[in-house]
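>
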Amino acid sequence: MTQMRFDIKSIQPYRGLILFPFVTFGLLLISLEINKWVPNAAFTVILILSLLALTFGLFYYFIYSQFSIIVDNEKFKIEWIRKLPFNFVKTETIHFKDIKKIRIDRQLNSNQRSVKIYFDTPTTNNQTNSFYINSYDNKFFRGDILNLIDYLDDLCKEKSIRVTTHWEEWNEKGYTKLVTRIIIIGLSTMAIYLILKTANII
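Here our numbering is used: the first residue of the sequence shown is 376, the next is one more, and so on.
1) Any idea which residues DSSP pairs Trp455 with across the strands?
2) Rounded to the nearest angstrom, what separates Ser440 and Gly432 at their Cα positions?
3) Is it right to say Lys548 is buried, meaning 16 or more other beta carbons lie within 10 angstroms of its own, or is it exposed?
4) Mapping DSSP to helix, strand and coil, what is Ile393?
5) Going by beta carbon distance, what residues of the same chain come within less than 7 Å of Glu544, once the five residues before and after it are set aside?
6) So Asp525 is in the alpha helix (DSSP H); what residue range does that whole segment cover?
7) Could you have a look at Glu449 and say whether DSSP puts it in helix, strand or coil?
8) Following the continuous alpha helix (DSSP H) through Arg517, name the residue where it begins and the one where it ends.
9) Hey, Leu521 and Asp512 are a contact pair by Cβ (cut 8 Å); roughly how many whole angstroms apart?
10) Do Lys475 and Thr539 have their CB atoms nearer than 8 Å?
11) Measuring alpha carbon to alpha carbon, tell me which of Ile508, Ser535, Ile570 ends up nearest Asp382.
12) Residue range of the alpha helix (DSSP H) that Ile570 falls in?
13) So, helix, strand or coil for Asn415, using DSSP?
14) How big is the Cα-Cα spacing for Thr564 and Asn546?
15) Measure from the C-beta of His470 to each C-beta in chain C and report whether the shortest distance is under 8 Å.
16) Rounded to whole angstroms, what's the CA-CA distance from Arg517 to Thr419? Just pull it up for me.
17) Report yes if the CB atom of Ile445 is closer than 8 Å to the CB atom of Ile386, and no otherwise.
18) Does DSSP put Thr503 in a helix, in a strand, or in coil?
19) Nearest-angstrom Cα distance between Leu569 and Ile456?
20) According to DSSP, is Asn509 part of a helix, a strand, or is it coil?
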């Protein structure tokens, strides 16, 4: 098989969740003490703008990743572009024979594209793991995500690998019913409250 290479630009939102509480606490602390540190309002504005720029820069650095997926000899090799403090891991390898299913989401109302590959790892007692890619089809994030999706479509047909979507997984796990029940309970509670409030019962 001819070696193929896909250069991917990906967003990892969960990393932003890790950073969020620390940034929020830091900004809150600074806002409470800022008058003690700066001599006048002009310096205060400059400091606030600098902190906001630093915050956006940190979030961008944390959630943005670049890596290459190399297809060679019936396997995917994932090579990360290293950066502190992430991605200091060995090159991950996924063999075609270990892939159980591939989730491909093509968003209809945006340019977001996501891929999730589920695969078994014999070294961990055949535990099913997953590798997630979240990217966008635009000038900045495009990379080779569309080419990768086209390749995965062909691979799934050739190897008879099951293809699924985000919503199908939700239905399988029962999340859709759970969300529906929560919405019904919430709307019912609101309706009862409004009725009682209108009738001056509460």
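Ideal Cβ placement from N, Cα and C applies to all residues, glycine included. Note that the structure is predicted; figures quoted are calculated from it, not measured.
Working from what's here:
1) Phe442
2) 14 Å
3) exposed
4) helix
5) Arg478
6) 520-534
7) coil
8) Segment: none, Arg517 is in no alpha helix (DSSP H) and carries neither H nor E.
9) 6 Å
10) no
11) Ile508
12) 550-573
13) coil
14) 25 Å
15) The structure shown contains no chain C; it is built from a single protein chain.
16) 39 Å
17) no
18) strand
19) 55 Å
20) strand
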